[in-house]
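Below you'll find the structure, written out as structure tokens, and then a few comments.
Residue numbers (our numbering), protein chains in the order written: chain A, 1 to 143; chain B, 1001 to 1143; chain C, 2001 to 2143; chain D, 3001 to 3143.
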């Protein structure tokens, strides 16, 4: 893994928050949210973070760039249940060269449920590695 | 609804069968397969049916056609559980003009779990309605 | 199908509205939302409708009742795309005996994308058919 | 992360293989399999691995144990496309105390697409940490 960020469980370490409800469809036969169902939540948080930064992902894509997930690391700490009100905290932890890292804390009622990091490639119109846009690099929090 | 086929619970009424295992990820907090998780099973059965007919859906798409779902009707009869060995029976019930209908019976251990019908549009390279390919129409079972 | 409600494309026919964003994870290789991904949206709209009626589904379930989907009918009219702002309009169309029907209109920018009906069984703590709660029957719109 | 295993891209390092087809429902608007859709594949591979070892997961669960995912690490190397014939290679990399690690290589046509590791907790009937069953520990490959 080339992921370098170690996501803390303190919400104060994050710079953006996306809120949602856990769907019934996202639960499994253990009665809690399935471990794969969290990934679209992290993705939605990224999409809202980019929108709030003035660069909606639809515009990024229309401009010929995509940010596919290159690496993913998740620590599942406590379950989330159907109908829980979830906060997905997010920080752009690093952005350099052709990739960037985002850290996440998912919590309910102030209790951490998981932490995660995604590393994203920057891919240009030709499918080749591109460079992080300057506006994105500027949003990264110094380590 | 323009769907006309009434899918029976007798497997003998069907012409193709696709088998699979119910995944844990497909269950929900009621302990059974979530009602939305069956739809990809029907889709996989269609894909295998087209392959068996000598027209893999990847080739259909490369040829510029797509068969998007235009209508869907499902009757949920009994639950399916994690790890159940599932049979998806399928019949091309009608194919005329710019659409076709497929009927399905999903059963486990000989007990019907759901029946369904999908009506599909035939869409050409320009996104406009096309006509059912002759090879497809030839596979339809007379009513 | 025992579904009787024919869901109109006029939002004025509905009594409740749930809003959401189409997620990237919900799209497929045709570039639009996959036909199965709408079902959790309908489910979320039901959950919010019950909450707004003062009977959160978590409480219904704690009280020993469940409302599993017994039938489903969907007409796909136009695609929804990633990041679209979606309105799911809902009406409790009928509630009698041991089942009830809900109608849906999904629209984006005032253009209908799909209509749907779900029929739900009322199941009691013993897994046996129950009767529609009086509070639910009272929410049904006369035909 | 407490995950210690570094999953190689050489299939020879793995001890079990589960094969499947990429479903259309698993693709996204980038035209390839969505990064979250691989997780149920890894889960299915685990389920088949346990079955092949003579301990189907349904029996493990009936015996009061569950193996929830505690940590997950994925490296996405190349995309998988609709209808690709996928091999999920798996190895039980470590099993000690109350958790175990599984490594995965997902490949198509001999080309690696992703590597992953999951760390699982062993949870007993009371929801408390249990110990790895001896039969499971015996399947672990020495580092």
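A virtual CB, placed ideally from N, CA and C, is assigned to each residue, including glycine.
Burial check for residue 65(A): the Cβ neighbour count within 10 Å reaches 16 or more, so the residue is buried. Distance from the CA atom of residue 1011(B) to the CA atom of residue 1104(B), rounded to whole angstroms, is 9 Å.
Partner residues in the beta bridge of residue 2085(C), as assigned by DSSP, are 2021(C).
Interface criterion not met: the Cβ of residue 2022(C) is under 8 Å from no Cβ in chain D. Under the Cβ distance rule, residue 2035(C) counts among the residues neighbouring chain B, one pair being separated by less than 8 Å.
Any Cβ of chain C closer than 8 Å to the Cβ of residue 3049(D) would place that residue at the interface, and such an atom is absent. Between the alpha carbons of residue 1099(B) and residue 1138(B) lies a gap of roughly 14 Å. For residue 1042(B), the secondary structure class from DSSP, reduced to helix, strand or coil, is helix. Sequence-distant Cβ neighbours of residue 2111(C) in its own chain, meaning closer than 8 Å and more than five residues away, are 2078. With respect to the 8 Å criterion, residue 3025(D) and residue 2036(C) are classified as neighbours on the basis of their beta carbons.
With respect to chain C, the C-beta atom of residue 82(A) has a partner C-beta closer than 8 Å. Within chain B, not a single residue places a beta-carbon under 8 Å from that of residue 2057(C); the smallest gap is close to 11 Å.
From the beta-carbon of residue 75(A), the residues of chain D found nearer than 7 Å are 3001 and 3071.
Using a Cβ-Cβ cut-off of 8 Å, residue 2025(C) counts as an interface residue toward chain D, since at least one Cβ of chain D sits closer than that to its own. Residue environment: residue 3101(D) is assigned as buried (16 or more neighbouring CB atoms within 10 Å of its CB, all protein chains considered).
Annotation: Cβ neighbours of residue 2039(C) in chain B (cutoff 8 Å, chain order): 1035, 1036 and 1039.
Excluding five sequence positions before and after residue 1095(B), the CB atoms of its chain that fall closer than 6 Å to its own CB belong to 1132, 1136, 1137 and 1140, given in chain order. The alpha-carbon separation between residue 1129(B) and residue 16(A) amounts to approximately 45 Å.
Residue-level contact check: residue 3007(D) does not touch chain A, since none of the beta carbons of chain A fall below 8 Å from its beta carbon. In the DSSP annotation of this structure, the continuous segment of the alpha helix (DSSP H) that includes residue 1061(B) starts and ends at 1057-1062. In chain order, 29 make up the part of chain A whose C-beta sits under 7 Å from the C-beta of residue 1031(B). Not a single C-beta of chain D is nearer than 8 Å to the C-beta of residue 1066(B).
One Cα belongs to residue 1028(B), the other to residue 2075(C), and the distance between them is close to 25 Å.
In this structure, residue 2045(C) lies away from residue 2083(C), with their beta-carbon atoms at least 8 Å apart. For residue 1043(B), the residues of chain D that pass the 8 Å Cβ criterion are 3023, 3024 and 3025, in the order they occur in the chain. Cβ contact annotation for residue 124(A) (same chain, cutoff 7 Å, sequence separation greater than five): 64, 65 and 130, in chain order. Between residue 2120(C) and residue 2069(C), the CB-CB gap stays under 8 Å.
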